[in-house]
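Visitor: Next up is a structure, given as structure tokens.
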Amino acid sequence: MEQGFKELLLKCQGSHSLPRQFYTSEILYKMDIEHYWNHSWIWVGHVSQIPKAGDFFVFDYGYESVIVARDKNKNVNAFLNVCRHRGSRVCIKKSGNTRVFACPYHAWTYELSGNLRAAREMGDDFDKAEYSLKKVNLRIFHGLIFICISNNPPNIDKGLFQLETLVEPFEFENLKIVHSQNYPVSANWKLALENYMECYHCAPAHLEYSKSHSLKDPSSANIELKKCMLKKSIQVGLSDDELQINSLGSKDEEMDFYFSRYPLFQGYQTGSKSGKKLAPLLGKLKDFDGGTTDMQIGILNNFLCYSDHVIGYRFIPRSIQLTDIEVIWMVRSDAEEGLDYNLQDLTWLWHCTSQDDERIIGLNQKGVNSDHYVPGPLSNMEWGIKAFHAGYIKQLVSQTNLN
Numbered sequence: 003m004e005q006g007f008k009e010l011l012l013k014c015q016g017s018h019s020l021p022r023q024f025y026t027s028e029i030l031y032k033m034d035i036e037h038y039w040n041h042s043w044i045w046v047g048h049v050s051q052i053p054k055a056g057d058f059f060v061f062d063y064g065y066e067s068v069i070v071a072r073d074k075n076k077n078v079n080a081f082l083n084v085c086r087h088r089g090s091r092v093c094i095k096k097s098g099n100t101r102v103f104a105c106p107y108h109a110w111t112y113e114l115s116g117n118l119r120a121a122r123e124m125g126d127d128f129d130k131a132e133y134s135l136k137k138v139n140l141r142i143f144h145g146l147i148f149i150c151i152s153n154n155p156p157n158i159d160k161g162l163f164q165l166e167t168l169v170e171p172f173e174f175e176n177l178k179i180v181h182s183q184n185y186p187v188s189a190n191w192k193l194a195l196e197n198y199m200e201c202y203h204c205a206p207a208h209l210e211y212s213k214s215h216s217l218k219d220p221s222s223a224n225i226e227l228k229k230c231m232l233k234k235s236i237q238v239g240l241s242d243d244e245l246q247i248n249s250l251g252s253k254d255e256e257m258d259f260y261f262s263r264y265p266l267f268q269g270y271q272t273g274s275k276s277g278k279k280l281a282p283l284l285g286k287l288k289d290f291d292g293g294t295t296d297m298q299i300g301i302l303n304n305f306l307c308y309s310d311h312v313i314g315y316r317f318i319p320r321s322i323q324l325t326d327i328e329v330i331w332m333v334r335s336d337a338e339e340g341l342d343y344n345l346q347d348l349t350w351l352w353h354c355t356s357q358d359d360e361r362i363i364g365l366n367q368k369g370v371n372s373d374h375y376v377p378g379p380l381s382n383m384e385w386g387i388k389a390f391h392a393g394y395i396k397q398l399v400s401q402t403n404l405n
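Adding 2 to a residue's 1-based position in the sequence shown gives its number in the working numbering.
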């Protein structure tokens with residue numbers, strides 16, 4: 003495989019889509035999970051999901067499963083959902099509250115901290131301390147929970163530090179998840195992610211989105227429109243600064259970060275059908291500024307921050323050509339459904355947009371599966387895909403010792 007992979011890399015052109023095998027090869031899919039996903043920080047949830055001691059949820063991707071739990075001391079822990087006895091999944095519920103985690107196979111029982119509490123008939127010389135559930139790296143950034151299962155995770159802290167002042171007015175720590183929905187698409191996870199990384203397709207494929215979001219056409223996001231938004235941004239309590247950290251070609255940066263606010267069209271306060279507000283203003287914001295923020299914390303973790311709600315996007319690999327597009331809607335924690343927001347109105351835009359994506363990404367995979375598919379040139383509006391491809395290949399090469 004090593005020689006074949008090297009030959010495949012030679013076919014990659016930074017200005018074109020990837021060769022067919024990257025979306026169709028079972029071997030490359032396994033490499034994606036082992037060498038890309040397992041060495042990346044992944045956004046798995048929000049602290050509001052586990053407010054009490056004993057609360058937990060499970061996050062799965064590829065072949066992996068991670069338990070995130072709050073222990074009796076109110077600390078948040080993350081560990082692999084793999085029993086230290088013979089490897090069974092320990093926790094089979096997606097979320098809940100528990101005093102301990104008991105393996106359903108042979109009843110090895112673990113504390114909320116992951117420490118092994120009990121294991122029957124293991125002999126006098128058995129040391130329980132050596133068989134805790136394997137810890138997973140965890141960071142909490144303003145309430146957002148990130149995990150990485152690598153023994154040598156990339157440095158996330160430097161980029162998060164630079165994001166601090168930019169996100170502070172939104173008070174992400176005071177959000178709550180009010181809805182999440184999966185949109186299963188019969189396509190490789192890279193095609194799903196690539197679709198999110200560009201808005202070249204937005205005007206022809208997302209008619210509802212394009213009515214309100216200037217990103218669908220760079221020429222429409224004119225200087226005056228953005229100037230007006232940035233002036234209002236400062237007035238309402240937002241920074242007019244942006245952040246773009248590109249790890250490619252840098253010895254100091256190990257992750258990509260992106261934070262940029264762009265204007266909505268005139269008459270739109272937020273991402274709603276009517277243009278009017280959907281929920282109470284977030285955090286310390288004093289008013290709407292007529293814009294929204296694209297935020298990226300590592301390539302895999304994408305957020306869209308309106309003034310009154312936040313959308314989180316994940317593209318979770320389930321198999322070589324099955325991906326869950328998971329969309330998460332968050333509002334301020336004290337907002338009440340039916341009084342402060344209507345769930346159908348809140349989710350309307352990105353439900354429509356995600357249904358569009360299901361269709362177009364599935365069609366993309368069907369075409370790529372053809373023996374006659376040849377990688378085509380990327381447009382100027384697809385610069386995000388170029389950056390993703392470069393970082394993705396760099397990581398595969400470094401993790402497989404082919405450099």
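Note that beta-carbon positions come from the ideal geometry of N, C-alpha and C, so glycine has one too.
Taking all protein chains shown into account, do 16 or more other C-beta atoms lie within 10 angstroms of the C-beta of A109, making it buried, or fewer, making it exposed?
Guide: exposed
Visitor: So, do the segment 71–91 and the segment 101–108 have three or more beta carbon pairs nearer to each other than 8 Å?
Guide: Contact between the segment 71–91 and the segment 101–108 is established, with three or more Cβ pairs separated by less than 8 Å.
Visitor: Taking the alpha helix (DSSP H) that C204 belongs to, which residues open and close that run?
Guide: Per DSSP, C204 belongs to the alpha helix (DSSP H) from C204 to A207.
Visitor: Measure from the alpha carbon of A207 to the alpha carbon of each residue in L140, Q357, C307 and F61, then state which is nearest.
Guide: Q357
Visitor: For Y343, count neighbouring C-beta atoms within 10 Å of its own C-beta (all shown protein chains included) and say buried if the count is 16 or more, exposed if not.
Guide: buried
Visitor: When the Cβ atoms of the segment 266–276 are set against those of the segment 346–362, are three or more pairs found closer than 8 Å?
Guide: yes
Visitor: With H, G and I counted as helix, E and B as strand and the rest as coil, what does DSSP make of V109?
Guide: Sequence check: residue 109 is Ala here, not Val. DSSP places A109 in the coil class of the three-state scheme, outside both helix and strand.
Visitor: Look up T325 in the DSSP assignment and say whether it is helix, strand or coil.
Guide: strand
Visitor: Between V70 and A80, which are expected to be in contact by the criterion C-beta below 8 Å, what is the C-beta distance as a whole number of angstroms?
Guide: 5 Å
Visitor: Under a Cβ-count criterion, where at least 16 other Cβ atoms within 10 Å of its own Cβ denotes burial, should G300 be classed as buried or exposed?
Guide: buried
Visitor: Look up Y198 in the DSSP assignment and say whether it is helix, strand or coil.
Guide: helix
Visitor: Taking the CB atoms as reference points, tell me whether Q164 and F259 lie closer together than 8 Å.
Guide: yes
Visitor: In chain order, which continuous runs of the alpha helix (DSSP H) of length 4 or greater are located wholly inside the segment 214–292?
Guide: 225–238
Visitor: Label D310 either buried or exposed according to how many other C-beta atoms from any shown protein chain fall within 10 Å of its C-beta, with 16 as the threshold for buried.
Guide: buried
Visitor: So the candidates are Q346, G47 and T167; which of them puts its Cα closest to the Cα of D242?
Guide: T167
Visitor: Can you name the start and end residues of the beta strand (DSSP E) that Q183 belongs to?
Guide: L177 to V187
Visitor: Residue ranges of each beta strand (DSSP E) run of no fewer than 3 residues wholly in the segment 21–60, ordered along the chain?
Guide: 44–48
Visitor: Taking buried to mean at least 16 other C-beta atoms within 10 Å of its own C-beta, is R334 buried or exposed?
Guide: buried
Visitor: Which residues in the same chain have their Cβ closer than 7 Å to the Cβ of I142, if we skip the five residues on either side of it in sequence?
Guide: Once the five neighbours on either side are set aside, the close Cβ partners of I142 are V49 and V78.
Visitor: Determine which residues share a DSSP beta bridge with I330 and list them.
Guide: S182 and G314
Visitor: Report yes if the CB atom of V399 is closer than 8 Å to the CB atom of R22, and no otherwise.
Guide: no
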